[in-house]
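To get this note's numbering, take the position in the sequence shown, counting from 1, and add 3.
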Amino acid sequence: MILDGKAVSDRIIEGLKEELAKRGSKPYLAVILVGNDPASRVYVRNKKKKAEYIGVKTDIFEYPDDVDESVILNKIDELNNNSEITAILVQMPLPAHISKEKVICKISPQKDVDCFTPENVGRLSAGLEPYFYPATPQGVLMLLDAYNIEVEGKHAVVIGRSNIVGKPMAQMLLRRNATVTICHSKTKNLEDIIKTADIVVSAVGKKIVRCKMVCKKSVVIDVGIYRDSNGNLTGDVDFNEVEPVVEYITPVPGGVGPMTIASLMCNIVKS
Ligand code: GUN
Numbered sequence: 004m005i006l007d008g009k010a011v012s013d014r015i016i017e018g019l020k021e022e023l024a025k026r027g028s029k030p031y032l033a034v035i036l037v038g039n040d041p042a043s044r045v046y047v048r049n050k051k052k053k054a055e056y057i058g059v060k061t062d063i064f065e066y067p068d069d070v071d072e073s074v075i076l077n078k079i080d081e082l083n084n085n086s087e088i089t090a091i092l093v094q095m096p097l098p099a100h101i102s103k104e105k106v107i108c109k110i111s112p113q114k115d116v117d118c119f120t121p122e123n124v125g126r127l128s129a130g131l132e133p134y135f136y137p138a139t140p141q142g143v144l145m146l147l148d149a150y151n152i153e154v155e156g157k158h159a160v161v162i163g164r165s166n167i168v169g170k171p172m173a174q175m176l177l178r179r180n181a182t183v184t185i186c187h188s189k190t191k192n193l194e195d196i197i198k199t200a201d202i203v204v205s206a207v208g209k210k211i212v213r214c215k216m217v218c219k220k221s222v223v224i225d226v227g228i229y230r231d232s233n234g235n236l237t238g239d240v241d242f243n244e245v246e247p248v249v250e251y252i253t254p255v256p257g258g259v260g261p262m263t264i265a266s267l268m269c270n271i272v273k274s
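Here's what the structure looks like:
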């Protein structure tokens, strides 16, 4: 069965829109965008569009590539101290001369809808309640929940160890009592490990999951999204070959991508 992230996301978005329509006070999102990275500009535009659609006031603060680090840090200070602003998002990547660490540490954890700050990441890892859960892993779990796919006791293999997906995905699956293995570029016998998974979450950015690694009970979640040599959007999973074999699979596009947006919107409404 194909897990329809687009349909589940649309339902969540409509629910959030209705919820906000009933509320007196609205969330207020501030986005900081530095430089001209085309992908970042598309992501930010999509987030703003969706946020405004559900009724979230949104401001984008744009800066040129060569902006001083202090300008960004001061802006975050200002947004932290502005009680009207409920959510702050600094789009990554940042230019090399700006310290990602300083920027992330500056964001108020109570407004950190990306779950990037050490306080929120630490809370997540320590089994405490973070102010917000990270958007992509939370979106993946929301999708599994929408299809009543059990996580507890299952062997989940996460491929990729990024701070934004792999590591928090593993933490969140662990919180749901999965048995979790994290694999990465240096993992030996990757194929043998994937074969032992009940749930595979791949977040690598290259074609890695093939039909010989899965079985009819597998749940395959594809977080990877990139363009192949023909310019087509594709994921980490060889969809055509894996889909006929497994029990559940997410498509690319239309799987995890829309769920990430819906999940981020949940965080913004919570803010
Ligand atoms: N760059 C790529 N993905 C993300 C994300 O989820 N949040 C932010 N802030 N930047 C990103």
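By construction, the Cβ of each residue, glycine as well, lies at the ideal position given by its N, Cα and C atoms.
Here the structure is a predicted model, which is why all the values come from computation and not from measurement.
For residue j and residue i, the rounded distance between their alpha carbons
i: P276; j: D71; result: What is shown of the chain runs 4 to 274, which leaves residue 276 out entirely.
i: A10; j: I16; result: 10 Å
i: I224; j: N85; result: 39 Å
i: E132; j: V45; result: 31 Å
i: I162; j: I211; result: 9 Å
i: K219; j: M95; result: 38 Å
i: I79; j: C108; result: 10 Å
i: V240; j: A42; result: 22 Å
i: L127; j: R179; result: 12 Å
i: M175; j: I252; result: 19 Å
i: M4; j: N77; result: 49 Å
Sequence-distant residues of the same chain with beta carbon closer than 8 Å to residue i, five excluded per side
i: I101; result: V37, V70, E72 and I75
i: T182; result: G156, K157, H158 and A159
i: E22; result: V272
i: I196; result: V160, T184, C186 and T190
Nonlocal neighbours in the same chain, by C-beta distance under 7 Å from residue i, ignoring five residues either side
i: Q113; result: Y134
i: S12; result: P261, M262, I264 and A265
i: R164; result: K170, I185 and H187
i: N166; result: none
i: V168; result: T139, P140, A206 and V226
i: I271; result: P30, L32, A54, V59, A90 and V116
i: I88; result: Y31, A33, L82 and K114
i: N123; result: P112, D115, P133, Y134 and F135
Distance CB(residue i)-CB(residue j) smaller than 9 Å
i: I110; j: L32; result: no
i: Y150; j: L6; result: yes
i: K29; j: V59; result: yes
i: L146; j: G257; result: no
i: E250; j: V222; result: yes
i: F242; j: V255; result: yes
i: V47; j: I63; result: yes
Neighbourhood of residue i by C-beta, 6 Å cutoff - its chain only, sequence neighbours within 5 removed
i: V248; result: C214 and V217
i: V93; result: I35 and V106
i: Y229; result: G208
i: D68; result: G38 and P98
i: T61; result: L32, K51, A54 and E55
i: E244; result: C214
i: K198; result: M216
i: K103; result: L97
i: F119; result: I107
i: E65; result: L36
heavy atom of ligand 1 below 8 Å from residue i C-beta
i: Q174; result: no
i: V240; result: no
i: R268; result: It should be pointed out that residue 268 corresponds to Met in this sequence rather than to Arg. No - ligand 1 has no heavy atom lying nearer than 8 Å to the Cβ of M268.
i: L92; result: yes
i: Y46; result: yes
i: I196; result: no
i: P140; result: no
i: P96; result: yes
i: I271; result: no
i: I228; result: no
i: I167; result: yes
i: D62; result: no
i: D117; result: yes
Closer than 9 Å to chain B by CB, residue i
i: Q94; result: Structure shown: chain B not included; a single protein chain is present.
- Report yes or no: do the segment 38-53 and the segment 219-238 share at least 3 C-beta pairs separated by less than 8 Å? Result no; under three Cβ-Cβ pairs closer than 8 Å.
- Task: Kindly confirm or deny that the segment 189-204 and the segment 149-161 touch, where touching means at least three C-beta pairs closer than 8 Å.
- Result: The segment 189-204 makes contact with the segment 149-161, as at least three CB pairs between them are under 8 Å.
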